[in-house]
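Protein chains: 2
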Amino acid sequence: MALISTLTPVFVAILCVVVAFILKTKRRSESPSAQKSSGGVGKRTEDRPWVDEDLQDDTEITGPENEENDWAETGTEDLPHIPYTPCRYPEEEMLERSKHFYALLNKRRSVRFISPEPVPREVIDNVIRAAGTAPSGAHTEPWTFVVVADDETKHKIREIVEQEEEINYKQRMGDKWVHDLRRLRTNWVKDYLDMAPYLILVFKQTYGIMPDGKKKTHYYNEISVSISCGLLLAALQNVGLVTVTSTPLNCGPQLRVLLRRPANEKLLMLLPVGYAATDATVPDLTRKKLEDIMAFV
Amino acid sequence: MALISTLTPVFVAILCVVVAFILKTKRRSESPSAQKSSGGVGKRTEDRPWVDEDLQDDTEITGPENEENDWAETGTEDLPHIPYTPCRYPEEEMLERSKHFYALLNKRRSVRFISPEPVPREVIDNVIRAAGTAPSGAHTEPWTFVVVADDETKHKIREIVEQEEEINYKQRMGDKWVHDLRRLRTNWVKDYLDMAPYLILVFKQTYGIMPDGKKKTHYYNEISVSISCGLLLAALQNVGLVTVTSTPLNCGPQLRVLLRRPANEKLLMLLPVGYAATDATVPDLTRKKLEDIMAFV
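Protein sequences, first through last, are from chains A and B. Residues 1 to 297 (the UniProt record's numbering) are what the first sequence spells out, left to right. Residues 1 to 297 (the UniProt record's numbering) are what the second sequence spells out, left to right.
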């Protein structure tokens, strides 16, 4: 008992250290979820606030444990059903159509050399309309397409994107300085963000606001919006316009603020859109063969 | 001092509780990263092993800190460039094409009532070819389309999917038992998995194996494969076939094993494909208007 009594201050000291450690650990493990539940925006506005913000949307990862897997029914259970008789083609025509569509899409390439020539606005409206026909989890249609035609805004977007690219590249330079010098300028400077008549910034709505003001997670929002981008790419190819798929991860929040989008929207893709420049080039790459992407059972 | 001495056993007790709590907290916060760094596959094969495996792919979340954002250049820097002169249409034709394509896609609906009538295999080949033209991060083409025509395999797939759905629904029943009864059967029983002439199971390749045997993370694999699915949906609609987009989250690993796909592939989507049944119905829903999905700057 006497020994224990003398050790009391030691116990108190250990207890203090331990409590401090718990508090530290707890704060660290809590912070991602706290940011998440707050919508993840506007919390960390100090010192390079944009870098990690996009990483807070783990919608696809936590997954809809109790959600239905079947997008068609979810959220539409209470709607009446109506007959659906889609267009049907004779086998031969079907085969022809499948060949032509493949041939059309197979000519598509990601193009960085975009002509500044104007493109009719109505065409852009229609390709966005086409993109908006994509299926989405619980029919939430969780996409916003911000079409930027204004030169000043395009230039601001370019500055933000290039600034982040520069940071990326400079960090990378530590590793393989000389080898990357050649690549550096090509990748970092993005003329096409000024040149293209339109920039389409595709935002995913990570959650919605219910009538009672509560947040409703949009499950599968990233998958849904990516599918929608697939339709957009097909629609652009179909009218003879080009683009390059880019995912400006770290600039998302800055661009969101610039374009005054609400906090529930996160930038998923940035697509410069226009005619190909007359001197456009693309890397001489090939696509995998059918047998390398398909298995038949 | 005397007071402190009498309180010593209390301090000791508190210390014990606190240490136990730390250990518990630490173990919990360590486990996800431990799974992550081990590649996330084949570790937890006991007691309902399939449930969480899909959740371990955090490719999209950790993000390519040092990767380029521009998919066109990444991984293709060393390829020679060749001229690219895509098809160009007069403005009027362009506008017509954009209208027609939108009209085509706007008729697409997710359909659960699929006719068992056979569909030419060559058409399926061509829609998969079309899907394979999607852009992908670093041109990794991280997709595998498993086309199942074999009746027995289709039935096994149905059993796996319905079993997981049943678990989902039974868990949900705890909350709102009676209300869900009506919905239950409709959603849980998936006839179309037997009926449809083809099931297309779309796998994302979360990493690749380099020549030296090392793993190479496929950044943006989920986005790339989802874009590819968008092209697939457009291609199916173009030939008059129907499907329903489903994301059988929890059955992915079981289906992967059934279809003998390698460990780097994760199921992203399951699409039953065929003609619409003559009595097919769809929920009477509408799509958002252009002004609700587009902002113009």
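Ideal placement from N, C-alpha and C gives every residue a C-beta, glycine not left out.
7 Å Cβ cutoff, residue i in contact with chain B
i: HIS155 (chain A); result: no
i: THR203 (chain A); result: Before going on, a small fix: residue 203 (chain A) reads as Phe here, not Thr. No, PHE203 (chain A) does not count as interfacial toward chain B.
i: GLY132 (chain A); result: yes
i: LEU236 (chain A); result: no
i: ARG109 (chain A); result: yes
i: VAL41 (chain A); result: Low per-residue confidence applies at VAL41 (chain A): pLDDT is 34, beneath 50, and the placement is therefore not dependable enough to give any value.
i: GLU141 (chain A); result: yes
i: SER226 (chain A); result: yes
i: THR59 (chain A); result: Since pLDDT at THR59 (chain A) reaches only 31, below the 50 mark, its modelled position is unreliable, and the value read off the structure follows with that caveat. No, because no Cβ of chain B sits closer than 7 Å to the Cβ of THR59 (chain A).
i: PRO118 (chain A); result: no
i: ARG129 (chain A); result: yes
i: GLU162 (chain A); result: no
i: SER33 (chain A); result: Since pLDDT at SER33 (chain A) reaches only 37, below the 50 mark, its modelled position is unreliable, and the value read off the structure follows with that caveat. Not one chain B Cβ lies under 7 Å of SER33 (chain A).
i: GLU122 (chain A); result: yes
Neighbour flag for residue i against chain A, beta carbons, 7 Å
i: MET294 (chain B); result: yes
i: ASN264 (chain B); result: no
i: ALA196 (chain B); result: no
i: GLU91 (chain B); result: yes
i: SER98 (chain B); result: yes
i: ILE200 (chain B); result: no
i: ALA276 (chain B); result: yes
i: VAL147 (chain B); result: yes
i: ILE223 (chain B); result: yes
i: ILE209 (chain B); result: no
i: LEU271 (chain B); result: no
i: TYR192 (chain B); result: no
i: ILE114 (chain B); result: no
Nearest-angstrom beta carbon gap, residue j and residue i [assumed within contact, 8 Å]
i: ARG129 (chain A); j: LEU290 (chain B); result: 6 Å
i: PRO135 (chain A); j: THR245 (chain B); result: 4 Å
i: LEU193 (chain A); j: LEU267 (chain A); result: 14 Å between Cβ atoms; not a contact.
i: LEU231 (chain B); j: THR133 (chain B); result: 7 Å
i: VAL148 (chain B); j: ILE160 (chain B); result: Wrong, their Cβ atoms sit about 12 Å apart, outside the cutoff.
i: ILE227 (chain A); j: THR247 (chain B); result: With a Cβ gap of about 11 Å, ILE227 (chain A) and THR247 (chain B) do not count as contacting.
i: ARG261 (chain A); j: PHE203 (chain A); result: 6 Å
i: MET195 (chain B); j: ILE114 (chain B); result: 5 Å
i: TYR275 (chain B); j: ARG88 (chain A); result: 6 Å
i: TRP143 (chain B); j: VAL225 (chain B); result: 5 Å
Amino acids of chain A, ordered along the chain, whose beta-carbon sits closer than 9 Å to that of residue i
i: HIS81 (chain B); result: THR281, VAL282, PRO283, ASP284
Chain-ordered neighbours of residue i on chain A, where CB pairs are closer than 7 Å
i: GLU159 (chain B); result: Here the premise fails: no neighbours, minimum Cβ distance about 15 Å.
i: ASP150 (chain B); result: VAL297
i: LEU105 (chain B); result: ALA130, THR133, LEU231
Proximal chain B residues relative to residue i, where beta-carbon distance stays under 8 Å
i: LEU259 (chain A); result: ALA295, VAL297
i: TYR220 (chain A); result: THR247
i: LEU233 (chain A); result: ALA134, PRO135, ILE227, GLY230, LEU231
i: ARG287 (chain A); result: GLY132, THR133, GLU141
Residues that DSSP places opposite residue i in a beta bridge
i: ALA295 (chain A); result: B:VAL146
i: ALA276 (chain A); result: A:ILE114
i: LEU201 (chain A); result: A:VAL146, A:LEU270
i: LYS216 (chain A); result: A:GLY208
i: THR153 (chain A); result: None, per the DSSP bridge assignment.
i: GLU265 (chain A); result: A:GLN205
i: ILE167 (chain B); result: In the DSSP output, where bridge partners are listed per residue, ILE167 (chain B) has none listed.
i: VAL282 (chain B); result: A:ILE82
Chain-ordered chain B contacts of residue i [CB-CB under 7 Å]
i: GLY240 (chain A); result: PRO86, CYS87, ARG88, TYR89, MET94
i: ASP125 (chain A); result: LEU290
i: THR144 (chain A); result: ILE293, ALA295
Distance cut-off 6 Å: residue i Cβ against heavy atoms of the ligand FAD
i: GLY137 (chain B); result: This structure lacks the ligand FAD; in fact it carries no ligand of any kind.
- What residue ranges within the region 93 to 139 of chain B form continuous alpha helix (DSSP H) runs of no fewer than 4 residues, ordered along the chain? Runs of the alpha helix (DSSP H) lying entirely within the region 93 to 139 of chain B, each at least 4 residues long, are 121 to 131 in chain order.
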